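Heads up: the sequence shown at position 114 corresponds to 114 in my numbering, and the numbers run straight through without jumps.
Backbone N, C-alpha and C define an ideal beta-carbon position, used for all residues, glycine too.
In this text, all values refer to a predicted model and were calculated from it rather than measured experimentally.
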Amino acid sequence: MAGTLLIAYDGSADAKTALEYTARTFPGREAVLLTVWEPLMSQLGVAEAFVGAVATEDEEKVVELSAEQVAEAGAQLAGEAGLKATARWESEGTQSVWQTIERVADELDADLVVTGSRGLTGLHSLLVGSVSAKVLRHAQRPVLVVPSAHLAKARSEAPEGDSADA
1 MAGTLLIAYD GSADAKTALE YTARTFPGRE AVLLTVWEPL MSQLGVAEAF VGAVATEDEE
61 KVVELSAEQV AEAGAQLAGE AGLKATARWE SEGTQSVWQT IERVADELDA DLVVTGSRGL
121 TGLHSLLVGS VSAKVLRHAQ RPVLVVPSAH LAKARSEAPE GDSADA
């Protein structure tokens, strides 16, 4: 494997854990740090029906700039960790976040898609949609899901045969 790695990056601690793991595992590799943002109009869709909220063009620009800054910060961290990283940010537009990740992976012909896991357990993990789970379920290329640091620690400290997911 010598091609591009696509790292889904939202600036969270779990995304940083995935980035750091990837840099340790694949030092010196080409990587694209992808941040996918939801347009403010989409976020306000439900609220608009109730209170007439409408996002202005300036507010949309702030959200886009924030996504750009997150992607750039991730690429900088990845570079410092030893990857040859570039930043990319995308609006989810009419696609969901996971679909956007898959589309960009296809465009790049990425060798591997890397995403962090929020480490949700039990009933909460069933109720809350997971981008990493959807990427994994629908992937047509290899996917690496890096567990959150706190979940990995809990699992490593659990007695043998016991589950840290309970």
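Notebook entry, point to check: Among Ala13, Val97, Asp111, Val70, which residue has its Cα nearest to the Cα of lysine 134?
Noted result: Val97
Next item on the list: Please name the residue in His150, Pro27, Thr35 whose C-alpha comes closest to that of threonine 115.
Entry: Thr35
Next item on the list: Would you mind working out which of Lys84, Ser148, Asp106, Glu64 sits nearest leucine 33, comparing C-alpha positions?
Entry: Lys84
Notebook entry, point to check: Helix, strand or coil: which one does DSSP assign to alanine 71?
Noted result: helix
Item checked: Inter-residue Cα distance where the pair is aspartate 14 and histidine 150 -> 9 Å
Item checked: Cβ neighbour criterion (16 or more within 10 Å) applied to arginine 88 -> buried
Next item on the list: Determine the DSSP secondary structure at alanine 105, reduced to helix, strand or coil.
Entry: helix
Item checked: DSSP three-state assignment for lysine 90, whether helix, strand or coil -> Per the sequence shown, the amino acid found at residue 90 is glutamate instead of lysine. Strand, per DSSP.
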